[in-house]
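Under this note's numbering, the sequence shown is numbered contiguously, ending at residue 384. Every residue, glycine too, gets a C-beta built ideally from N, C-alpha and C. Since this is a predicted model, take the numbers as computed values, not measurements. Contents: one structure, followed by commentary.
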Amino acid sequence: MDQASHKVVVCGAGGFIGGHLVRCLEAQGIAVRAVDIKPLARWYQVNPRAENLVLNLQDFRHCQHAVDGMSSVYQLAADMGGMGFIESNRALCMLSSIINSHMLVAAQEAGVRRFFYSSSACVYNAEKQTSPDVAPLSEDQAWPAMPEEGYGLEKLFGEQMCIQFERDFGLACRIARYHNVYGPYGTWTGGREKAPAAICRKVIEAKLTGRNEIEIWGDGTQTRSFMYIDDCIAGTCMLFDSSFNQPLNIGSSELVSINQLVDLVEEIAGVKLRRRYLLSAPKGVNGRNSDNRLILETLHWQPTIRLRDGLASTYTWIEKEMLALSRPSFPRLPSIAKRPGLALLRPSLVAGPHLIPKSRIMRTLNEGMPPHR
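Here you go:
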């Protein structure tokens, strides 16, 4: 594709994966419009070369502005987090279907050539994930459907929307089922963090405070595979440029238990901690792993970064974030300084009603934090 004429919009660019994706696309010389609902000061990464916009993609007019003049869309915008968040905010997660539906309609009307949708391994049938010794999940095992309530169901619906838009309107869609992405420049505290970041933070806290103890959700035997962010971005770009138009796993096949994950982080930190298991805490399914046969067949590639290596980089970044804090208590999200020369939402788009009133839900969307009950 001619990069000079290739203009892409990344939705959810202020988030973890979106921030890394913008940086990767900019490095290739691609013109990027970066969009997120959060104020710029709360974006994890801000690329000054991108056109950075603060937009509420639950408002269809904002979606129209996001896709105006763009040839491609990366739709990563969603309200989500780790297991603690998605089990406690199922309705809030499902509201992301408004974003996906609006973005597909806006993209189709604007003549966008290609649309990428970030789905999740949470779409898979829960009956296939009852044992820690789980068989890797292949793409056909999402049906018959029994996804994670709320978040997984919303993602499965989003996949079907993309598939039907391609069939009915010819909008080329690419669908990635991400498996537990982790790495630097993501959420590590506040309730939305996923297991690798949470474990790194807890180990660092125990080390800094001398408590010598770590709390683990569940009994620690539940298993997962975790994919480092660099592999995620590489797989995303390859899938986007491919001709494959069905859901595709992008995930590591290196299966570990949560206890083994803690072992690795303790090894990196040079400590050994007492383990306190919180059996009443959300823990998700008992086992989940990525079957990579289809991605090897279609892209001739699969994630290769070892968990130990990715955790080392993640641990180092989170430790620096925590040590840099001057306040005695940790903030809910890492602070990212606002940078000069960035475009904000045009005033003409601010006026008018939103689909969802500015209520507790809207405050949650804007702040990126779970609502207080």
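Across the segment 158-167 and the segment 311-329, are there enough close Cβ pairs to call them in contact, namely three or more that are closer than 8 Å? no
Would you mind sorting Pro158 into buried or exposed? The rule is 16 or more other CB atoms within 10 Å of its CB. By one-based count along the sequence shown, residue 158 stands at place 147. Under this definition Pro158 is a buried residue.
With distances taken from CA atoms, which of Leu307, Ser107 and Trp54 is nearest Gln86? The residue you call residue 86 lines up with position 75 of the sequence shown. It is Ser107 whose Cα lies nearest to the Cα of Gln86.
Every unbroken beta strand (DSSP E) inside the segment 169-199 [3 residues or more]: 183-189
Can you list, in chain order, the stretches of the beta strand (DSSP E) that have 3 or more residues and sit fully within the segment 96-154? 125-131
Enumerate in chain order the residues of its own chain whose CB-to-CB distance from Gln75 is below 6 Å, with the five nearest sequence positions on each side excluded. Here residue 75 corresponds to residue number 64 of the sequence shown, with the count starting at 1. Cβ within range, chain order: Ala117.
Measure the CB-CB distance between Val84 and Cys22 and report whether it falls below 8 Å. The residue labelled residue 84 in the question sits at position 73 within the sequence shown. The residue labelled residue 22 in the question sits at position 11 within the sequence shown. It is a contact, given that the beta carbons lie within the stated cut-off.
From what residue to what residue does the alpha helix (DSSP H) around Asp252 run? Numbered from 1 along the sequence shown, position 241 holds the residue referred to as residue 252. Counting along the chain, the alpha helix (DSSP H) containing Asp252 begins and ends at Ile240 to Asp252.
Can you check DSSP and say which residues form a bridge with Lys294? Within the sequence shown, the letter at position 283 stands for residue 294. BP columns for Lys294 are empty, so no partner.
Taking the straight line between their C-alpha atoms, what separation do you get for Ile347 and Ile306? In the sequence shown, residue 347 corresponds to position 336, counting from 1. In the sequence shown, residue 306 corresponds to position 295, counting from 1. Since pLDDT at Ile347 reaches only 41, below the 50 mark, its modelled position is unreliable, and the value read off the structure follows with that caveat. Straight-line Cα distance between these residues: approximately 35 Å.
State buried or exposed for Ser236, treating a residue as buried only when at least 16 other CB atoms are found within 10 Å of its CB. The count along the sequence shown starts at 1 and reaches residue 236 at position 225. Buried, since its Cβ has 16 or more Cβ neighbours within 10 Å.
Thinking C-beta only, is Ala45 closer than 8 Å to Val33? Taking the first residue of the sequence shown as position 1, residue 33 is located at position 22. Taking the first residue of the sequence shown as position 1, residue 45 is located at position 34. Contact: yes.
When you compare the CB positions of Pro147 and Ser268, do they come within less than 8 Å of one another, or not? For the purposes of this step, residue 147 is taken as the residue at position 136 of the sequence shown. For the purposes of this step, residue 268 is taken as the residue at position 257 of the sequence shown. The answer is no: Cβ separation not under 8 Å.
Stretch-stretch touch, CB-based, cutoff 8 Å, three pairs: the segment 229-245 with the segment 255-268: yes
Between Met94 and the rest of its own chain, which residues show a CB-CB distance below 6 Å, the 5 nearest in sequence each way excluded? Stepping through the sequence shown from its first residue, residue 94 is reached at position 83. Counting only Cβ-Cβ distances below 6 Å, and skipping sequence neighbours, we find Pro293 and Gly295.
Where His219 falls, given that 16 or more other Cβ within 10 Å makes a residue buried: Position 208 of the sequence shown, counted from the start, is the residue given in the question as residue 219. The amino acid occupying residue 219 in the given sequence is Leu; His does not appear at that position. Under this definition Leu219 is an exposed residue.
Distance check for Gly169 and Gln140, CA to CA, integer angstroms please. Your numbering for residue 140 matches position 129 in the sequence shown. Your numbering for residue 169 matches position 158 in the sequence shown. Roughly 22 Å between the two C-alpha positions.
Contained beta strand (DSSP E) runs [length at least 3] in the segment 199-229, N- to C-terminal order: 224-228
Inter-residue spacing [alpha-carbon to alpha-carbon] between Val273 and Asp241: On the sequence shown, position 262 is the one that residue 273 refers to. On the sequence shown, position 230 is the one that residue 241 refers to. Computed Cα separation, rounded: 22 Å.
For Val65, three-class secondary structure by DSSP: Translated into the one-based positions of the sequence shown, residue 65 becomes position 54. Three-state result, Val65: strand.
Hey, quick one: how far does the alpha helix (DSSP H) through Gln271 stretch, first residue to last? As a position in the sequence shown, residue 271 is number 260, starting the count at 1. Segment Ile269 to Ala280, the alpha helix (DSSP H) holding Gln271.
For Cys173 versus Tyr135, is the C-beta distance shorter than 8 Å? The residue labelled residue 173 in the question sits at position 162 within the sequence shown. The residue labelled residue 135 in the question sits at position 124 within the sequence shown. Contact: no.
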